[in-house]
Every structure is written in C-alpha cells, then in structure tokens.
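Novice:
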Amino acid sequence: MIRTLKPSHEEKPKQSQASDAVQKGFWEGKLGYAHSWLVVMTTLCMGTVLHLVSGPAPSNPLVLGVFGLPLAAAAVFVRLKRHSETAQWLAGIPLAVVSTAVALALALFGGVLPSSFWNSIGLPSLWASWPFLMVSLVVGTNLSAAVAKRAWPMTRQNALFLMSHLGLLITMAGGALSSVFIERCRIAIFPDVALNKAQTERGEDVELPFSLRLKEFTMENFPPTLSVAHSADDIKSGSHYAERGMKEKIRGLDLEVLQHIPKAVYDGKTFKEMPWKTAAPASLVRVSRDGMKIAEGWVTSGSVDVPATLLPVTEGEVVVMNAPKPKRFHSLVELTEGKETRELDVEVNSPARVGEWQVYQISYDEELGAASQYSVLELIRDRGVPVVFFGMFLVVLAACWHLWEGVGVKK
Amino acid sequence: MGLGAWLLASGSYVAWRKKPWIGDILMMIGILSVGLMMGVMWASLGRPPLRTLGETRWWYALCVPTLGLLIGWRFNTRAMAVPACLMGALFVAINLAKPDAMDKTLAPALQSPWFVPHVVVYMLAYAALGLSSVLAAWEWGKALKEKRALAVEDTDLAHRFVLVGLPLLTLGLIFGAFWAKEAWGHYWTWDPKETWALLSWGAYLTYLHVRARHALKPALNASLLIVGFAVLMGCWFGVNYLPTAQESVHTYTRMYEESAAASTADQKTADPMSAN
Numbered sequence: 001m002i003r004t005l006k007p008s009h010e011e012k013p014k015q016s017q018a019s020d021a022v023q024k025g026f027w028e029g030k031l032g033y034a035h036s037w038l039v040v041m042t043t044l045c046m047g048t049v050l051h052l053v054s055g056p057a058p059s060n061p062l063v064l065g066v067f068g069l070p071l072a073a074a075a076v077f078v079r080l081k082r083h084s085e086t087a088q089w090l091a092g093i094p095l096a097v098v099s100t101a102v103a104l105a106l107a108l109f110g111g112v113l114p115s116s117f118w119n120s121i122g123l124p125s126l127w128a129s130w131p132f133l134m135v136s137l138v139v140g141t142n143l144s145a146a147v148a149k150r151a152w153p154m155t156r157q158n159a160l161f162l163m164s165h166l167g168l169l170i171t172m173a174g175g176a177l178s179s180v181f182i183e184r185c186r187i188a189i190f191p192d193v194a195l196n197k198a199q200t201e202r203g204e205d206v207e208l209p210f211s212l213r214l215k216e217f218t219m220e221n222f223p224p225t226l227s228v229a230h231s232a233d234d235i236k237s238g239s240h241y242a243e244r245g246m247k248e249k250i251r252g253l254d255l256e257v258l259q260h261i262p263k264a265v266y267d268g269k270t271f272k273e274m275p276w277k278t279a280a281p282a283s284l285v286r287v288s289r290d291g292m293k294i295a296e297g298w299v300t301s302g303s304v305d306v307p308a309t310l311l312p313v314t315e316g317e318v319v320v321m322n323a324p325k326p327k328r329f330h331s332l333v334e335l336t337e338g339k340e341t342r343e344l345d346v347e348v349n350s351p352a353r354v355g356e357w358q359v360y361q362i363s364y365d366e367e368l369g370a371a372s373q374y375s376v377l378e379l380i381r382d383r384g385v386p387v388v389f390f391g392m393f394l395v396v397l398a399a400c401w402h403l404w405e406g407v408g409v410k411k
Numbered sequence: 001m002g003l004g005a006w007l008l009a010s011g012s013y014v015a016w017r018k019k020p021w022i023g024d025i026l027m028m029i030g031i032l033s034v035g036l037m038m039g040v041m042w043a044s045l046g047r048p049p050l051r052t053l054g055e056t057r058w059w060y061a062l063c064v065p066t067l068g069l070l071i072g073w074r075f076n077t078r079a080m081a082v083p084a085c086l087m088g089a090l091f092v093a094i095n096l097a098k099p100d101a102m103d104k105t106l107a108p109a110l111q112s113p114w115f116v117p118h119v120v121v122y123m124l125a126y127a128a129l130g131l132s133s134v135l136a137a138w139e140w141g142k143a144l145k146e147k148r149a150l151a152v153e154d155t156d157l158a159h160r161f162v163l164v165g166l167p168l169l170t171l172g173l174i175f176g177a178f179w180a181k182e183a184w185g186h187y188w189t190w191d192p193k194e195t196w197a198l199l200s201w202g203a204y205l206t207y208l209h210v211r212a213r214h215a216l217k218p219a220l221n222a223s224l225l226i227v228g229f230a231v232l233m234g235c236w237f238g239v240n241y242l243p244t245a246q247e248s249v250h251t252y253t254r255m256y257e258e259s260a261a262a263s264t265a266d267q268k269t270a271d272p273m274s275a276n
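The listed protein sequences correspond, in order, to chains A and B.
Numbering (the working numbering) for the first sequence: 1 to 411.
Numbering (the working numbering) for the second sequence: 1 to 276.
(1) Cβ of Val-210/B less than 7 Å from any chain A Cβ?
(2) For Asp-205/A, which residues does DSSP report across the bridge?
(3) Under a Cβ-count criterion, where at least 16 other Cβ atoms within 10 Å of its own Cβ denotes burial, should Val-40/B be classed as buried or exposed?
(4) Residues in the region 107-128 of chain B with C-beta within 8 Å of chain A's C-beta atoms, listed in sequence order?
(5) Quick check on the burial criterion: 16 or more other C-beta atoms within 10 angstroms. Buried or exposed for Ile-71/B?
(6) Does the separation of the CB atoms of Phe-217/A and Lys-327/A fall below 7 Å?
(7) Check the Cβ-Cβ distances between His-402/A and every residue of chain B, and say whether any is below 7 Å.
(8) Output the boundary residues of the beta strand (DSSP E) element that contains Arg-289/A.
(9) Taking CB distances under 7 Å as the criterion, tell me whether Trp-130/A reaches chain B.
(10) What do you get for Gln-358/A, buried or exposed, if any count of 16 or more other CB atoms within 10 angstroms of its CB means buried?
(11) Just to confirm the assignment, what range does the beta strand (DSSP E) spanning Gly-11/B have?
(12) Using only CA atoms, which one of Trp-184/B, Cys-85/B, Leu-144/B, Trp-16/B lies nearest to Pro-351/A?
(13) Mind checking the region 45-63 of chain B against chain A and listing, in chain order, the residues whose C-beta falls within less than 9 Å of any C-beta there?
(14) Could you tell me the distance, in whole angstroms, from the CA atom of Leu-344/A to the CA atom of Ala-180/B?
(15) For the structure I just gave you, are there three or more beta carbon pairs, one from the region 14-21 of chain B and one from the region 185-198 of chain B, closer than 8 Å?
(16) Can you find a C-beta in chain B that's less than 7 Å from the C-beta of Met-392/A?
(17) What alpha helix (DSSP H) runs, 4 residues minimum, are completely inside the region 93-161 of chain A?
(18) How about Pro-20/B: is its C-beta nearer than 7 Å to some C-beta of chain A?
(19) Here's the rule I'm using: 16 or more other beta-carbon atoms within 10 Å means buried, otherwise exposed. How should Thr-269/B be labelled?
(20) Which residue from Trp-140/B, Leu-110/B, Cys-85/B, Gly-68/B puts its Cα closest to that of Pro-218/B?
(21) If I measure Cβ to Cβ from Asp-205/A and keep anything under 7 Å in the same chain, skipping five residues before and after, which residues do I get?
(22) Quick check on the DSSP output: the alpha helix (DSSP H) that includes Ala-97/B runs from which residue to which?
(23) Can you pull the chain A residues whose beta carbon is under 7 Å from the beta carbon of Leu-242/B, in chain order?
(24) Below 7 Å CB to CB, which residues in the same chain sit around Thr-253/B once its five sequence neighbours on both sides are set aside?
(25) Output the boundary residues of the beta strand (DSSP E) element that contains His-260/A.
(26) Let me check one thing: in DSSP terms, what residues is Trp-357/A bridge-paired to?
(27) Give a yes or no on whether 7 Å exceeds the smallest Cβ distance from Gly-238/B to chain A.
(28) Out of curiosity, what's the CA-to-CA distance linking Leu-225/B and Thr-155/B?
(29) For a quick check, are the C-beta atoms of Arg-286/A and Glu-243/A less than 7 Å apart?
(30) Tell me whether Tyr-241/B sits in a helix, a strand or coil according to DSSP, three-state version.
(31) Give the DSSP bridge partners of Trp-298/A, in chain order.
(32) Along the chain, where does the alpha helix (DSSP H) containing Gly-238/A start, and where does it finish?
(33) Cβ atoms of His-159/B and Ala-96/A: under 7 Å apart, would you say?
(34) Arg-74/B versus chain A: which residues are under 8 Å apart at the beta carbon?
(35) Check Val-318/A in the structure and name its three-state DSSP category.
(36) Could you compute how far the alpha carbon of Ala-9/B sits from the alpha carbon of Leu-26/B?
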C-alpha cells in the first residue's frame, strides 16, 4: 500500500491520529525493521522452496532478465512516488541493514563450510543457490531504489552517495552479467602442433577462432634453501639461498655450502654441471657443531633425471635441499588467425589479449618443471568485465572522496 | 626497541597527561625503530615483506601507532594514544614470540604491481578499524567502571577511525579484484579469503548504516564495531584455520610450509644416494 509521509489534515482529523495509530494494521503504520525482516525472511524462504523444487539456479539470460525487473521497478516506483512511505522504506536504511545482514550471514556459511558440504546437499556452491540469489536480489532492489531516490537533485551529498551506491549497483549488475555470459576454457598447447580446440570445465569442446602452438616454455626458479629434518613433519627450514659460501645455523647445526651447481646431474661418482632443463640444483655442504665437522656431502632436491639426495648428520637428523620454488613461468605462443601469424607472451600476472579473449598462463607439467613439453593456458571471454570495472572505478572514486572527508572533517 | 618505546609511551601518556609530547616522542622512536627494522627486512629479503602472516603483523604493528599518532595530531586528542601503543607493542611481542621463517621467495602470482598497494592499504585499514574497535571497547569499559551509560560522544573518535578505515578497506578489496583479474582471470571467485574480506567490508558497511540512522544508540554502535573487528580478525588470521582454508589460493604461508614438507618426504622415500 502506498501512502504519503505527511498525510493532509483534510484527510484525517488531528484528534483521531493517536487512535488511528493503534488501529493501523502491520503494513499501514510506519514501515521499518519489522517489515524489512518479514520481507527478507520471506524471500529467503521462497528461495529455499525454489531450491528444493528446482535445484540450483540456472545461469541463463532469462533468470538475469527476471532478476532485473524488480530492480527497474523499484527505481521507477521510487522516482514516481518519492515521498510515499513505501518508497522511503524501499530505499531506506532498515531494509539495507536487514538484507545486507542476512546476505552476510549466508556468506558466513559459505566462508566457513567447504564446497564438499554444499555438494553433499546438491549445490555446486552456496553462491549459485536460490536462497542466496534471492536475498541478493533484495539487496540489489534496495540499492536500486536508493540510487533512484537520490538521483535528483544533484547536490554534493547526493553525488557522493550516488558514486558509491551506483558504483556498487553497477558492479553487482556486471557480476551478474559475467556469471551468465562468461566463456572459460583451457587448452594444453604443444611445440609440434597448432591447436584450436579448448575444453570447458565440464569437458565440452570449444572451437577457438584462432590456433595456438607452444614455441617455447621457460621456467625460472629461485635458488633452493636447505633444511634440517627429523621427519617429514618435523622440519626446520633455513632462509638463505644455497649458494657457494653460504653459512647458516639451523637447529644448532652450522651449515656451509662449499660448492653449488645450479644445474647439475649425477655421473655415478659426483655432481657435474650440465645445462639441461632436467638438471637439478646441487650443493656440497659441510655440517659442523660447535666448530667440529660432523658431516660433509652433496644434497640435491632432485628432478626427473637426478635422484633426490639428502645428507645424514646424526641418527634421525638429515640435511635436505628444499625443492626450488618457481620464480616465473612463461610461454611463448605462436598464434595463427586466418592467414596472420604472430607471437604472444603469456605469463602469470601478464595475460595476453586476442580480440575479446584474455589468455592466461595456468599450468605446465609440474613433474618435468622447466623441461615441460606443454603449457596449459586458460582463455576467458567475459563481457561483464567492463561493466564491473566501471562500477568499481566509481566505488574507488567514492572511497577516495570518503577518505578525504573522513580525515578532513574536524571534530 | 619499538616494543620498549611503545610501552614507555603508553606509561608516559598516563603519567604525564599534561605533557603529551613526551609520549609522542617515545611513540615516534618506536615507529622509527620498527620502520627501520622493516626497511632492513625488505632489503635483506629482496622483496616487499608482505607475504606471510608474520610479515603482515609487522606492518600492523607499525601502522597502528602511526595512524594513532597522526589522527591524534589531526584532531588534537590523545584518547587513542595508549590503545595504539599497546596494540603496536602487542603485535611486536607476538612476532618476537613467534618469529617467522624468513623466506626470500615470492610466488609468481604475487609478483604484481598490485601487491604492495593492496596489502599496505589493507594493513592501514586494519589498523584504523582495529583502533576504532579498541577505542569503543575502552570507552565502554570506562563507562561501566563509572557506572554510567555509554554516551554518544564516547564513540565519536571510534567512528572517525571507521570513516578512515572503511574507505581504505574498500580500496584494498577493489585493488585485490583488479589484481586477481590479472593473475587468475577472475576478479571474484568466492575464494574463502575473498568471502571473508567481503564479510569484513559488509560488517563495517552495516555499522555505518546503523550509525547513520541510530547515532543516539552508542552501545549498539560500539557492539557493532566489536563484532566488525572480530570478523576482520577472522579474515586476517581465522580463515587459515577453517575447513575452507584448503580451498583458498590466498594462504601462501601454508602453501610454502606444505611444499617444504612434501619436498622432505619425497627425498626420504626416493633416497638412492643418502650414504654419499
């Protein structure tokens, strides 16, 4: 029911107002937290019933369109009936607080319970469930109404409000667009053959408008460190890189690296430098305690061609070389699109762009490491991203403005 | 030195209330010593010391007194000086009691221009929001001791810290999304750490909206600040201990520990030349 905030005196005589308030029904009084709780919990229950009846929410444009309707309707309604009690409530803080609190409570479950739990109740995840989506819809509707309410007149205060709230609304809308229209697939590329068939997570083939061939896969590692271990669960790792001349005290043992070979192979007697991609780092280590040498020998973390080697020091105590940690992995890719061929550099934190597709370095043959014969790339085409980033940009501007005011306002 | 300076500073703020400059100087000595120590750590690691929980604790220990001092100067009050000093000292003590294994390596995903702004902005936000909650609890405790209700003015300063902390938290969240898009192709994946970051942000947003409507209910606002800080701690530390932690790509400390253990286990089982 739509009512105005300030009913005219002609409509209701002054003396009857108190008795009216007592007699007003639940929806006829001032709308506030109780009404918000009722609406949000009802929506949550509807979502739960929907989930029980139909399972997880399908990710399709129809659902997106249906979800957009209440948002648009709320915005139009609030603009048309700006001073009505219903519009004030729809765009107000009680509904914002209650809907956000319930959405956060659901998110708390999602942040605590692992995906195996959600799978066990027939959900791929909480985030694709009807209850969560329905409550998010209330959050979005409230946001949309609030934005519409403050869209005009454009005062300084309203501009700041709009920047943050409209930014958030656009981000949410972009996220919804992404979830429906995103295309993701992976492709393992090899040196000998150009491929244009990728696979989605569900194992469906995707034909790409271009083909990809691995020209070169390179991998750099950080130098390894040494550890002293009693067992696989009882390890004390050092922090210095195992390089010639390195000295470090671990668990009361003085370790000194007498010789270090970054790429070594074992020739049956000792370790020798060999620039193979399958070689492993090896260090000749002297171990002393209180100035007394107690062991000396080679340690290596090993590779497919070099067996791992540790150095026994005392009974149950060994010096080991930790597997080197990857510093950078990079694929040089040959891309053929029609008659045109060009090269792409793809590495973590530096994706390549091919038309609407973004190409990401995802994986490689971890057993072979630098000698990997293939590289796994992920290709993503997400048309919601520009919308999301525009929304986020507005939120960033609003955050900077708020920060300025937060620091600047005098007590 | 930082620990000692901050403990002395908090003592001096209480002992010489009319001479806050003594506490200010001690506080600055603490800030400079911890800042210098972190500069040395940055140089010796060859990477920003922002990767592990222990390293972020050092940042927190630095940010809390720094922010406490700066905001104190800005608003001409020392109300938060003692809590700021004690929080800084507490985090230094935790780090000294539980030192991190220093590891110079930085995973490829962390080698991003977003790394430093994302974590530093978050640490500043955590410092501001942490101070707001401690101040709220402090003032509430004082009110209880004096057997009076919490007054609106008692939560004013705490609210100011939220006005600083929440925008920073927002920036941290969005910088993280931009970075995730570059590194993994998705700006948001409902990873447990992301979910908890959203929960923290949502908790303080809720506080802000409640405060906007119910500014005259200081006890309600103070309670929300305390809840918000608990959620924030859940996001920073707690998430590593939850069942969902195994699914997170953000728990770098755990990943590195597991990698070291796996490496040792491999070498023990595949050990053809252990007698060399």
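Every residue, glycine too, gets a C-beta built ideally from N, C-alpha and C.
Specialist: The answer reads as follows:
(1) The count along the second sequence starts at 1 and reaches residue 210/B at position 210. Closer than 7 Å: yes.
(2) For this step, residue 205/A is matched to residue 205 along the first sequence. BP columns for Asp-205/A point to Gln-199/A.
(3) Start at 1 with the first residue of the second sequence, and residue 40/B comes out as number 40. Result: exposed.
(4) Ala-107, Pro-108, Ala-109, Gln-111, Ser-112
(5) Here residue 71/B corresponds to residue number 71 of the second sequence, with the count starting at 1. So Ile-71/B counts as buried.
(6) Against the first sequence, residue 217/A aligns to sequence position 217. Against the first sequence, residue 327/A aligns to sequence position 327. No, the Cβ-Cβ distance between Phe-217/A and Lys-327/A is not below 7 Å.
(7) Numbered from 1 along the first sequence, position 402 holds the residue referred to as residue 402/A. Closer than 7 Å to some Cβ of chain B, the Cβ of His-402/A qualifies, so yes.
(8) As a working mapping, residue 289/A is identified with position 289 in the first sequence. 280-289 is the extent of the beta strand (DSSP E) around Arg-289/A.
(9) For the purposes of this step, residue 130/A is taken as the residue at position 130 of the first sequence. No - not a single Cβ of chain B is within 7 Å of the one on Trp-130/A.
(10) Here residue 358/A is taken as the residue at index 358 of the first sequence, counted from 1. Classification of Gln-358/A: buried, given that the 10 Å Cβ count is 16 or more.
(11) Start at 1 with the first residue of the second sequence, and residue 11/B comes out as number 11. Unbroken run through Gly-11/B is the alpha helix (DSSP H), 2-15; no beta strand (DSSP E).
(12) The residue given as residue 351/A occupies position 351 in the first sequence. The residue with the shortest Cα to Cα distance from Pro-351/A is Trp-184/B.
(13) Leu-45
(14) In the first sequence, residue 344/A corresponds to position 344, counting from 1. In the second sequence, residue 180/B corresponds to position 180, counting from 1. Using only the alpha carbons, I get a separation of about 21 Å.
(15) no
(16) For this step, residue 392/A is matched to residue 392 along the first sequence. True, the Cβ-Cβ gap to chain B drops below 7 Å.
(17) 93-112, 115-120, 130-150
(18) As a first step, residue 20/B is located in the second sequence; it is residue number 20 there, counting from the start. So, not an interface residue.
(19) Against the second sequence, residue 269/B aligns to sequence position 269. Any reading at Thr-269/B is ruled out, since the residue's pLDDT is 32, under 50, leaving its predicted position unreliable.
(20) Reading the second sequence from its first residue, position 218 is the one you call residue 218/B. Answer by Cα proximity: Trp-140/B.
(21) Here the question's residue 205/A lines up with position 205 in the first sequence. Cβ within range, chain order: Lys-197, Gln-199.
(22) Numbered from 1 along the second sequence, position 97 holds the residue referred to as residue 97/B. Taken as a continuous stretch (DSSP letters only), the alpha helix (DSSP H) holding Ala-97/B covers 81-97.
(23) For the purposes of this step, residue 242/B is taken as residue 242 along the second sequence, with counting starting at 1. Near Leu-242/B (Cβ distances below 7 Å), the residues of chain A are Val-112.
(24) Locating residue 253/B in the second sequence gives position 253, counting from the first residue. Note on Thr-253/B: pLDDT 48, under 50, position unreliable in the model; the coordinate value appears next. Thr-52, Leu-53.
(25) Position 260 of the first sequence, counted from the start, is the residue given in the question as residue 260/A. Counting along the chain, the beta strand (DSSP E) containing His-260/A begins and ends at 253-266.
(26) The count along the first sequence starts at 1 and reaches residue 357/A at position 357. Answer by DSSP bridge pairing, in chain order: Val-354/A.
(27) Position 238 of the second sequence, counted from the start, is the residue given in the question as residue 238/B. No, no contact with chain A.
(28) Position 225 of the second sequence holds residue 225/B. Position 155 of the second sequence holds residue 155/B. Looking at the two C-alpha atoms, the distance is approximately 10 Å.
(29) Position 286 of the first sequence, counted from the first residue, corresponds to residue 286/A. Position 243 of the first sequence, counted from the first residue, corresponds to residue 243/A. Contact: no.
(30) Within the second sequence, residue 241/B is the residue found at index 241, counting from 1. Reduced to three states, the DSSP call for Tyr-241/B is helix.
(31) Working through the first sequence from its first residue, we reach residue 298/A at position 298. Trp-298/A pairs with Leu-284/A.
(32) On the first sequence, residue 238/A is found 238 positions in, with the first residue counted as 1. Looking at the DSSP string, Gly-238/A is not in any alpha helix (DSSP H); the run it does join, the beta strand (DSSP E), is 234-241.
(33) One-based indexing of the first sequence puts residue 96/A at position 96. One-based indexing of the second sequence puts residue 159/B at position 159. No, the pair does not count as a contact, with Cβ atoms beyond the cut-off.
(34) Along the second sequence, read from residue 1 onward, the residue named residue 74/B stands at position 74. Within chain A, the residues near Arg-74/B are Val-407.
(35) Here the question's residue 318/A lines up with position 318 in the first sequence. Strand, per DSSP.
(36) Against the second sequence, residue 9/B aligns to sequence position 9. Against the second sequence, residue 26/B aligns to sequence position 26. Answer to the nearest angstrom: the Cα atoms are 5 Å apart.
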